[in-house]
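Please read the structure below before turning to the comments.
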Amino acid sequence: MRVYKRLGELLTERGLITPEVLQQAVTIQKKVGKPLGEILVGMGLLSWEDIYTALSKQYNLELVEELPNMVPPELLKLVPRSVAERLKVVPIEFSPETNTLKVVTPDVLKVPQIERELSFLTGNKIKVALTPPPNFEALYRASYEEASSSEIIEHTFDLEPSEEVVEEEEVTSEETPVGKFINALLENAIRSDASDIHLEPFEKVAVGRFRIDGILRKILTYPRRAHNSVVSRIKVMCGLDISEKRLPQDGKFFIRRGGEQYDFRVSTMPTIFGEKVVMRVLRVSNAKKKLEELGLSDYNLKRFRKLLEAPHGIILVSGPTGSGKSTTLVAVLNEVTSEKVNVVTAEDPVEYTIEGITQCQVNAEIGLTFARYLRAFLRQDPDVIMVGEIRDRETAQLAIEASLTGHLVFSTIHTNSAPGAVARLVNMGVDPFLLSASLIGVIGQRLVRRLCSNCKVKIPIREEILEIASKIFPNKNEFYEFVPGSGCNECRGIGYKGRTGIHEVLIVNNELRDLMVRGASEHELSEAAKAAGMRTLYEDGIEKVLQGITSVEEVNRVATEL
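Residue numbers (our numbering): 20 to 581.
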């Protein structure tokens, strides 16, 4: 009969540690109650690789350090989460030819139990391999924990057709199926870094979708008869009227998870099959964003900071809905705010609460519009004014007047390019002469998905972007670009993880002022801005492609080469 040595004895015998070190580690172990291996690694005396190499040789087991990026769902179904958690295993491979299921575990002492129980459970031969605890924990989380809230969501409403969902009576309780469903949904959205949650009723089912990195993805379906209860529960959380189903309503609530506060801005809207709910997910810590975190290139960051040094004038942030304009304004306000500066804002709605500035919420129902606030601001001795959006001539005219009387004014405008903001304001009826005297700069922006740093692939540059690459980096001879890889654990098999901005910074000079007064076209303004040093959105995007931050396909999705 083979006798197996205990870990401390095994490591000492192999010369990896001395008896004195072992005694010291055992003393610490008795105090803190952690495994000996963890103590030794924490003391910096050994690596997990040292420990598990020794264990694999003694027990004659395969050591797997490079685990697969993704575990197929069909494999996870062979070993339910409850079993995987109890036995500390994750299945990684199945061979139909030999009918063998391969699993990994960090717990060598459980190997006989794992072989016995999984063989009985699955009816297959079981091959157990060892893997260090950090590798195992990462794979287990990605395989089981990230799927758990999805499972709760999927199975909450597994009702028979004859069963009725509780309509209004229990919508206030978190312990009901509806409460559990919404909690799991919110957890899943936070874990997925979703920016929006869509719950949409259709004829037979209701569909839940998340917007992740700017792309809507279908997450689940549930019975339509349950949808009214879900909407009612969300309305209760927001303090909305649950009896009003004929009119749109807006509200908000917040939850705390992992030391972070998340605000949810809720909008309900009646449709032919029921009310659709959209929830915008806002991470409160984003209110502390800095300019350096926006993804601005060094070139554009210098130009942007030059604009912020101006004592007065208007600076606009342009782009379509969902292009990150509000986040940019938050970073700008954080940059200019100090005890010596009086900053006031008018927003619709106030998305992020920023310390040290006065924020005001627009309420059009009682006539409290952007224009009304701007008139009031001018009597409040402001240094910096931020207007959430310029939507009409009156707001634009008042913003110009504020800038001409010595204030620095920030706002957003919905246009497709920075030069397009000028044409848009003129079309609103703003006097071109006044506009040329007050506008000092426009920042156009879009959001693109970041390539996953773990699995992106480097390839020779494509011919169609070589000319732009040579223009951006004239002293460089050899160029490469990066494309999404096959997907991995880090990016959930997508190839992209997170988003960043691409920008164009238009600084108004004397030539551009003359063109504005003459009523020049958007194309003429664009050419003059490029001649004065403005890099277009597309050029900035290609620079980020060359740096391995994003891909050509992403840049083409949000910007065009002009």
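C-beta atoms are modelled at their ideal positions from N, C-alpha and C, and glycine is treated no differently.
(request) Using three-state DSSP, classify Glu562 as helix, strand or coil. (result) Translated into the one-based positions of the sequence shown, residue 562 becomes position 543. Correct three-state label for Glu562: helix.
(message) Looking at the secondary structure, which residues open and close the alpha helix (DSSP H) in which Ile253 lies?
(response) Taking the sequence shown and counting its residues from 1, one reaches residue 253 at position 234. Per DSSP, Ile253 belongs to the alpha helix (DSSP H) from His246 to Cys257.
(message) On the DSSP bridge list, what partners appear for Asn382?
(response) In the sequence shown, the residue the question calls residue 382 occupies position 363. The bridge partners DSSP lists for Asn382 are Leu387.
(request) Would you mind giving the Cβ-Cβ distance between Ala548 and Pro438, rounded to the nearest angstrom? I have them listed as a contact below 8 Å. (result) Along the sequence shown, one-based indexing puts residue 548 at 529. Along the sequence shown, one-based indexing puts residue 438 at 419. Between Pro438 and Ala548 the Cβ distance is about 6 Å, and since that is below 8 Å, they are a contact.
(message) Does Asp317 come out as helix, strand or coil in the three-state DSSP assignment?
(response) Position 298 of the sequence shown, counted from the first residue, corresponds to residue 317. In the structure shown, Asp317 sits in a helix (DSSP, three-state: H, G or I).
(message) Once the 5 residues before and after Val60 are set aside, which same chain residues still bring their CB inside 8 Å of it?
(response) Position 41 of the sequence shown, counted from the start, is the residue given in the question as residue 60. Answer for Val60: Ser66, Trp67 and Ile70, listed in chain order.
(request) Out of Tyr78, Phe139, Asp317 and Asn435, state which residue places its alpha-carbon closest to the alpha-carbon of Pro125. (result) For the purposes of this step, residue 125 is identified with residue 106 of the sequence shown, where counting begins at 1. Per the Cα distances, Tyr78.
(request) May I have the straight-line CA-CA distance separating Asn575 from Tyr557, to the nearest angstrom? (result) Looking up residue 575 in the sequence shown gives position 556. Looking up residue 557 in the sequence shown gives position 538. The straight-line gap from Cα to Cα measures roughly 8 Å.
(message) Tell me the rounded alpha-carbon separation between Gln280 and Met553.
(response) Position 261 of the sequence shown, counted from the first residue, corresponds to residue 280. Position 534 of the sequence shown, counted from the first residue, corresponds to residue 553. Roughly 38 Å separates the two Cα atoms.
(request) Please classify Tyr371: does DSSP put it in a helix, a strand, or coil? (result) Residue mapping note: residue 371 aligns to position 352 of the sequence shown, counting from 1. In the structure shown, Tyr371 sits in coil (DSSP, three-state: anything other than H, G, I, E or B).
(request) Report the three-state DSSP secondary structure of Lys271 (helix, strand or coil). (result) In the sequence shown, residue 271 corresponds to position 252, counting from 1. Three-state DSSP puts Lys271 in a strand.
(request) Determine, using beta carbons only, whether Gln380 and Thr364 come nearer to each other than 7 Å. (result) Within the sequence shown, the letter at position 361 stands for residue 380. Within the sequence shown, the letter at position 345 stands for residue 364. Against a cut-off of 7 Å, the Cβ pair of Thr364 and Gln380 comes out as no contact.
(message) DSSP three-state label for Glu358, please.
(response) Position 339 of the sequence shown, counted from the start, is the residue given in the question as residue 358. Coil at Glu358, not helix or strand.
(request) Rounded to whole angstroms, what's the CA-CA distance from Tyr163 to Leu149? Just pull it up for me. (result) Stepping through the sequence shown from its first residue, residue 163 is reached at position 144. Stepping through the sequence shown from its first residue, residue 149 is reached at position 130. CA-to-CA, the gap between Tyr163 and Leu149 works out to about 19 Å.
(message) Our contact map puts Pro110 next to Val122 with C-beta atoms below 8 Å; I'd like the distance itself, whole angstroms only.
(response) Locating residue 110 in the sequence shown gives position 91, counting from the first residue. Locating residue 122 in the sequence shown gives position 103, counting from the first residue. So it is a contact: roughly 5 Å between Cβ atoms.
(request) Enumerate in chain order the residues of its own chain whose CB-to-CB distance from Leu531 is below 6 Å, with the five nearest sequence positions on each side excluded. (result) Residue numbering aside, residue 531 sits at position 512 when the sequence shown is read from its first letter. The beta carbon of Leu531 sits closer than 6 Å to the beta carbons of Ala547 from its chain, once the five residues preceding and following it are set aside; these are given in chain order.
(request) For Arg398, count neighbouring C-beta atoms within 10 Å of its own C-beta (all shown protein chains included) and say buried if the count is 16 or more, exposed if not. (result) Residue mapping note: residue 398 aligns to position 379 of the sequence shown, counting from 1. So Arg398 ends up on the exposed side.
(request) Mind checking who Asp215 pairs with in its DSSP beta bridge? (result) Counting from 1 along the sequence shown, the entry for residue 215 is found at position 196. Paired residue(s): Arg230 and Arg299.
(request) With distances taken Cα to Cα, identify the nearest neighbour of Asn319 among Gly560, Glu32 and Gln42. (result) Here residue 319 is taken as the residue at index 300 of the sequence shown, counted from 1. Taking only the C-alpha atoms, the option nearest Asn319 is Gly560.
(message) Between which residues of its own chain and Ser181 is the CB-CB distance below 6 Å, once the five residues before and five after are set aside?
(response) For the purposes of this step, residue 181 is identified with residue 162 of the sequence shown, where counting begins at 1. Residue placement at Ser181 is poorly supported in this model, since its pLDDT is 37, which falls under 50; the coordinates still yield a value, given next. There are no such residues.
(message) Using only the alpha-carbon positions, how far apart do Glu183 and Ala225 sit?
(response) Residue numbering aside, residue 183 sits at position 164 when the sequence shown is read from its first letter. Residue numbering aside, residue 225 sits at position 206 when the sequence shown is read from its first letter. Low confidence applies here, because Glu183 scores a pLDDT of 42, under 50, leaving its location unreliable and the question unanswered by this model.
(request) Round the Cβ separation of Arg469 and Thr519 to the nearest angstrom and send it over; I've been treating them as touching at under 8 Å. (result) If you number the sequence shown from 1, residue 469 lands on position 450. If you number the sequence shown from 1, residue 519 lands on position 500. Cβ-Cβ separation between Arg469 and Thr519: approximately 5 Å, consistent with a contact (criterion under 8 Å).
(message) Going residue by residue through the stretch 409-456, where are the continuous alpha helix (DSSP H) segments of at least 4 residues, counting only ones entirely within it?
(response) 412-423 and 437-447
(message) Just to confirm my understanding: we take Thr570, look at its own chain, exclude 5 residues before and 5 after, and list those with CB closer than 7 Å. What are they?
(response) Residue numbering aside, residue 570 sits at position 551 when the sequence shown is read from its first letter. Reading off the sequence shown, one finds Ser at residue 570, where the question assumed Thr. Excluding positions up to five away in sequence, the list reads Leu470, Phe501, Val502, Pro503 and Val564.
(request) Pair every Cβ in the stretch 406-422 with every Cβ in the stretch 440-460, then say whether three or more of these pairs are closer than 8 Å. (result) For the pair of segments examined, the stretch 406-422 was found to touch the stretch 440-460: the number of CB pairs separated by less than 8 Å reaches three.
(message) Looking only at its chain, what residues have a beta carbon closer than 6 Å to the beta carbon of Glu189, apart from the 5 residues adjacent to it on each side?
(response) Locating residue 189 in the sequence shown gives position 170, counting from the first residue. Confidence at Glu189 is low in this model, with a pLDDT of 47, below 50, so its placement is unreliable and no value can be given for it.
(message) Give me the DSSP bridge partner(s) of Pro479.
(response) Within the sequence shown, residue 479 is the residue found at index 460, counting from 1. According to DSSP, which records beta bridges pairwise, Pro479 is partnered with Tyr499.
(message) Pull the bridge partners of Arg518 from the DSSP assignment, please.
(response) Taking the sequence shown and counting its residues from 1, the one referred to as residue 518 is at position 499. DSSP lists Arg468 as partners of Arg518.
(message) I need the boundaries of the beta strand (DSSP E) containing Gly332, first residue and last residue.
(response) Along the sequence shown, read from residue 1 onward, the residue named residue 332 stands at position 313. Note, Gly332: beta strand (DSSP E), Gly332 to Ser337.
(request) Go ahead and pull the three-state DSSP assignment for Val90. (result) Mapped onto the sequence shown, residue 90 falls at position 71. Residue state, collapsed to three classes: coil.
(request) Decide if His542 is buried, meaning its Cβ has at least 16 other Cβ atoms within 10 Å, or exposed. (result) Along the sequence shown, one-based indexing puts residue 542 at 523. His542 should be labelled exposed.
(request) Drop a sphere of 10 angstroms on the beta-carbon of Ala550, count the other beta-carbons inside from all chains shown, and report buried for 16 or more, exposed for fewer. (result) Counted from its first residue, the sequence shown places residue 550 at position 531. Flag for Ala550 reads exposed.
(request) Provide the residue(s) that pair with Lys146 in DSSP beta bridges, ordered along the chain. (result) Taking the first residue of the sequence shown as position 1, residue 146 is located at position 127. Paired residue(s): Lys121.
(request) Label Met20 either buried or exposed according to how many other C-beta atoms from any shown protein chain fall within 10 Å of its C-beta, with 16 as the threshold for buried. (result) Here residue 20 is taken as the residue at index 1 of the sequence shown, counted from 1. A caution first: Met20 carries a pLDDT of 43, below 50, which makes its placement in the model too unreliable to give a value.
(message) Assuming Ile70 is part of the alpha helix (DSSP H), what are its boundary residues?
(response) Stepping through the sequence shown from its first residue, residue 70 is reached at position 51. Judged by DSSP secondary structure, Ile70 falls within the alpha helix (DSSP H) whose first and last residues are Trp67 to Tyr78.
(message) DSSP has Lys237 in a bridge; who is on the other side?
(response) The residue labelled residue 237 in the question sits at position 218 within the sequence shown. In DSSP, Lys237 forms a bridge with Arg228.
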